Each structure stands twice: as C-alpha cells, then as structure tokens.
Amino acid sequence: MCFTHNVIEQQALKMCEEIRGHSIYNIVGIAAADGQYRMIQENTSIESNLNLLQGEALPLITKVMLQDAHGREYLVSPDEAGLQFAIGKVTYKEYKHLQAKEKRKLITILIASGSTLFLLSWSLLQFLI
C-alpha cells in the first residue's frame with residue numbers, strides 16, 4: 000500500500016490552485032516555508048512554476064501574493080479564509096480579523112487541552128497516593 004507523506008503540502012497546493020481559479024485578483028507569487036519566494040507565470044499551473052526536479056519534495060506554501068487591478072498586493076494564507084478574500088466575499092481587514100480569531104481559538108483549545116491533561120494527571124496521582 001502506497002501512502003504519500005506530503006499531504007499538507009498537497010493540500011496547500013490544491014488550495015492555491017483553487018484560489019487561482021476563483022480569485023478576482025491575480026496571483027503574482029507564492030512564499031514557501033523554506034523562505035523562498037517564487038513568481039507565478041500567468042498561464043501555467045502553480046506546480047509547474049515550482050520547477051521541481053525529479054523526486055524533489057513539494058515545498059509547503061505558506062503565503063499567496065495577490066495583486067488587484069490597481070497594483071496593490073495582498074498576502075494571504077492558502078486556506079479557507081484566504082479563499083474567501085480572494086473571491087471577494089470579505090475585505091482584507093475582515094480577512095485579518097478571521098485569521099486572528101482562528102489563532103485565538105487554537106490557543107484556547109491548546110490551553111484547555113493542556114489544563115485537562117494536567118488535572119487528570121494530578122487527580123490520578125492523588126488517587127494513587
């Protein structure tokens with residue numbers, strides 16, 4: 000059985016292609032987790048713009064640079080909030096607000112999970128002592 004190990008990278012690439020297909024903006028570039036920034040040509044797929052060698056791993060795309068008709072550039076993440084901004088459902092300010100809200104939600108879940116594990120461990124120790 001064959002299983003790919005780069006599922007996250009493939010999902011980010013898929014979301015970039017979806018943003019490209021439905022966006023009211025032009026995709027001018029992508030930023031990868033390794034710090035490299037790559038320009039995107041107009042009529043080719045994002046994967047072909049990566050210029051990967053045979054067997055080379057797909058980079059994790061962390062940001063997509065969009066450009067409007069007036070030349071303003073916007074950096075968005077390749078996720079649902081980025082897609083909502085790209086298709087024009089939300090403004091850039093609302094997009095940033097959505098990102099901050101998701102970050103707060105993640106931090107809350109992590110703190111609650113850690114606290115729960117701590118309390119369970121402490122109660123188990125009290126029970127055993």
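Going by numbering that gives the first Met the number 0, the residue at position 112 of the sequence shown is 111; the numbering climbs one at a time, nothing skipped. We put the CB at the ideal spot given by N, CA and C, even for glycine. Please read all numbers here as calculations on a predicted model, not as lab measurements.
Rounded to the nearest whole angstrom, the C-alpha separation of PHE117 and SER47 is 48 Å. The C-alpha of LYS62 lies about 9 Å from the C-alpha of ALA32.
LEU65 is classed as buried because its beta carbon has at least 16 other beta carbons within 10 Å across all chains shown. Residue state for LEU82 is assigned as helix, using DSSP reduced to three classes. In the three-state reduction of the DSSP assignment, ALA32 falls in the coil class. Contact between GLY54 and MET38 fails: their C-beta atoms lie close to 24 Å from each other, not under 8 Å. DSSP places THR115 in the helix class (H, G or I) of the three-state scheme. Closest in alpha carbon position to LYS13, among LEU74, GLU93, ILE110 and GLU79, is GLU79.
When secondary structure is reduced to three states using DSSP, GLU72 falls in the strand class.
For GLN10, the three-state secondary structure derived from DSSP is helix. For ILE60, the uninterrupted beta strand (DSSP E) run begins and ends at 60-66, by DSSP.
Between ILE18 and PRO77 a beta carbon distance of about 7 Å is seen, short of the 8 Å cut, so the two are scored as contacting.
ILE45: member of the alpha helix (DSSP H) spanning 45-48, first to last residue.
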